[in-house]
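Q: Once you know that position 67 of the sequence shown is 67 in our numbering, the rest is easy, because the numbers rise by one and skip nothing.
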Amino acid sequence: MRLKLIIILLVCLNTFCGHAASIEFDSKISNVMVYRNGARITRDAKIDIPAGQSEIVFSNLTTQINTHSLQAYVPEGVDLVTVLYRTSDLRNAELSDREKTIQEELAALRITLDWVNKQLAVYNEEEKILRIKPSEINSNDKGISVQDFKEYTKYYRDRSLEVKKKQFDLTNESRGINAKIALLQGELNTMSASKSKKIGEVVFLVQSEVARRCELSFSYVSNQAGWVPVYDLKAKDAQSPIALHLKANVHQNTGIDWEKVKMSVSTGNPLLGNDRPILRPKYVTFAAVARIRAQESTSNIAYDMKNKDEMSEEEKKMYYEPNNQVVDTETTREYNISLLQTVPS
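This is the structure we're talking about:
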């Protein structure tokens, strides 16, 4: 009995500890740092979290996110267990009034098209009958008289024109109906696709001793943005100095509009370091040059002049085999924009 009670307690404890309440919140873009290729977007949200472990889900985000650039910020007193990015399907099963109207129109058009095609099939069969020769119809061995032949040819001519006219009208009507069906079906497909589009989600797993209201924020880099420099030259007159004004033409295609956000533009690259460049000298000589590092520091490199015959195998390999590793470091400049900006996607 005691063993059974211990097992039940362990199961209940494991269930309680493994359970995290999942809460979904909306976040707002507060700051955007736009680079020449890419942008770091920061989002904030003020939320109420319960005591214990909670799963906070921020949805309706762009899917154009570099997952390695995701950073999360939590206030003091809240422990961040983990943070991850994922995508999910946004579906809305309820049909709009326009979708219902389109479906009704499509049903009516398909019924009309079916009736038009049936009429066209009848006239096509009648055309085949009209092409039968009179001799094949007349069972009399004496053949067909001249009067009968004239009446037949007149009937054939008049009826053939009527059949051709009906076929022409019905074919054009069928094409028109098919065009309307294609147009309405395309509109319906577009509306359905917008309901099942992919959206991004950032999930926080946090731990708090007590229930509290706090502000959570996170940032990420999206490659679907950037800016292009635009220059204006201005002068009051021919004698006045020319003023050069730098402007930034910002563009973004993240799928989410940036509405009244604090914005900065930078000449840097968000995925590279911004250290100063280290320029290493190049030596030209008729003798082979081997680079000998005095120590593992990029700021202290010694060079020794050696003849090829004096080099060791390791030195020959280091000199004669190319080193393809490239470290791209550069200085950057940032421009802070004082006014809030809106950039549609």
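All residues carry an ideal CB built from backbone N, CA and C; glycine is no exception. Keep in mind that this is a model prediction, so the values were computed, not measured.
Is there contact between the stretch 61-80 and the stretch 95-106, where contact requires at least three CB pairs shorter than 8 Å?
A: no
Q: So for I23, helix, strand or coil by DSSP?
A: On the sequence shown, residue 23 is found 23 positions in, with the first residue counted as 1. I23: strand per DSSP, three-state reduction.
Q: Is it right to say A243 is buried, meaning 16 or more other beta carbons lie within 10 angstroms of its own, or is it exposed?
A: Looking up residue 243 in the sequence shown gives position 243. Exposed.
Q: Using beta-carbon positions only, say whether Y35 and S338 come within less than 9 Å of one another.
A: The residue given as residue 35 occupies position 35 in the sequence shown. The residue given as residue 338 occupies position 338 in the sequence shown. For Y35 and S338, no; Cβs fall outside 9 Å.
Q: On the DSSP letters alone, give me the boundaries of the beta strand (DSSP E) that L61 sits inside.
A: Translated into positions along the sequence shown, residue 61 becomes position 61. Taken as a continuous stretch (DSSP letters only), the beta strand (DSSP E) holding L61 covers 52-61.
Q: Where does Q64 land, buried or exposed, given buried means 16+ other C-beta within 10 angstroms?
A: Here residue 64 corresponds to residue number 64 of the sequence shown, with the count starting at 1. Q64 should be labelled buried.
Q: Here's the rule: buried if 16 or more other CB atoms are within 10 angstroms of the residue's CB, otherwise exposed. What is I129?
A: As a working mapping, residue 129 is identified with position 129 in the sequence shown. That one is exposed.
Q: Would L216 and V206 be called neighbours here (beta carbons separated by less than 9 Å)?
A: In the sequence shown, counting from the first residue as 1, residue 216 sits at position 216. In the sequence shown, counting from the first residue as 1, residue 206 sits at position 206. For L216 and V206, yes; Cβs fall inside 9 Å.
Q: For W258, which residues does DSSP report across the bridge?
A: The residue labelled residue 258 in the question sits at position 258 within the sequence shown. In the DSSP assignment, W258 is bridged to V343.
Q: Please state if the CB of R213 and the CB of K46 are separated by a distance shorter than 9 Å.
A: Walking along the sequence shown from the start, residue 46 turns up at place 46. Walking along the sequence shown from the start, residue 213 turns up at place 213. It is a contact, given that the beta carbons lie within the stated cut-off.
Q: With DSSP as the reference, label V34 as helix, strand or coil.
A: Within the sequence shown, numbered from 1, the residue matching residue 34 stands at position 34. It is a strand residue.
Q: Cβ atoms of K247 and K257: under 9 Å apart, would you say?
A: The count along the sequence shown starts at 1 and reaches residue 257 at position 257. The count along the sequence shown starts at 1 and reaches residue 247 at position 247. Sequence inspection shows Asp at residue 257; the Lys mentioned does not correspond to that position. No, the Cβ-Cβ distance between D257 and K247 is not below 9 Å.
Q: Mind checking which residues open and close the beta strand (DSSP E) that includes N249?
A: Here residue 249 refers to the residue found at position 249 of the sequence shown. First-last of the beta strand (DSSP E) with N249: 243-252.
Q: From which residue to which residue does the alpha helix (DSSP H) around T352 run?
A: This structure gives no information on residue 352, because the portion of the chain shown stretches from 1 to 345.
Q: State the Cα-Cα distance for the pair G226 and K28, rounded to the nearest angstrom.
A: Counting from 1 along the sequence shown, the entry for residue 226 is found at position 226. Counting from 1 along the sequence shown, the entry for residue 28 is found at position 28. Spanning the two alpha carbons is a distance of roughly 20 Å.
Q: Is it the case that the Cβ atoms of L161 and E105 are separated by a distance below 9 Å?
A: On the sequence shown, residue 161 is found 161 positions in, with the first residue counted as 1. On the sequence shown, residue 105 is found 105 positions in, with the first residue counted as 1. Going by C-beta atoms, L161 is not nearer than 9 Å to E105.
Q: Return the CA-CA distance between A39 and V250, expressed in angstroms with no decimal places.
A: Translated into positions along the sequence shown, residue 39 becomes position 39. Translated into positions along the sequence shown, residue 250 becomes position 250. Approximately 10 Å between the Cα atoms of the pair.
Q: Per the DSSP calculation, Y220 is bridged to which residue(s)?
A: Working through the sequence shown from its first residue, we reach residue 220 at position 220. Per DSSP, I41.
Q: What is the residue span of the beta strand (DSSP E) that Q207 lies within?
A: Position 207 of the sequence shown holds residue 207. Taken as a continuous stretch (DSSP letters only), the beta strand (DSSP E) holding Q207 covers 198-208.
Q: In whole angstroms, what is the alpha-carbon distance linking T101 and Q119?
A: The sequence position of residue 101 within the sequence shown is 101, counting from 1. The sequence position of residue 119 within the sequence shown is 119, counting from 1. Approximately 28 Å, taken between the alpha carbons.
Q: Can you list, in chain order, the residues of its chain whose CB lies under 8 Å from that of I177, leaving out five sequence neighbours each side?
A: If you number the sequence shown from 1, residue 177 lands on position 177. If we look at I177 and ignore the five residues flanking it on each side, its Cβ neighbours are L109, T112, L113, V116.
Q: Just how far apart, CA to CA, sit S30 and Q341?
A: Stepping through the sequence shown from its first residue, residue 30 is reached at position 30. Stepping through the sequence shown from its first residue, residue 341 is reached at position 341. Roughly 11 Å between the two C-alpha positions.
Q: Can you look up G268 in the DSSP assignment and give me helix, strand or coil?
A: Here residue 268 refers to the residue found at position 268 of the sequence shown. G268 falls in the coil class under three-state DSSP.
Q: Our contact map puts I255 next to Y85 with C-beta atoms below 8 Å; I'd like the distance itself, whole angstroms only.
A: As a first step, residue 255 is located in the sequence shown; it is residue number 255 there, counting from the start. As a first step, residue 85 is located in the sequence shown; it is residue number 85 there, counting from the start. For the record, residue 255 in the displayed sequence is Gly; it is not Ile. Actually they are not in contact, since the Cβ atoms of G255 and Y85 sit about 15 Å apart, beyond 8 Å.
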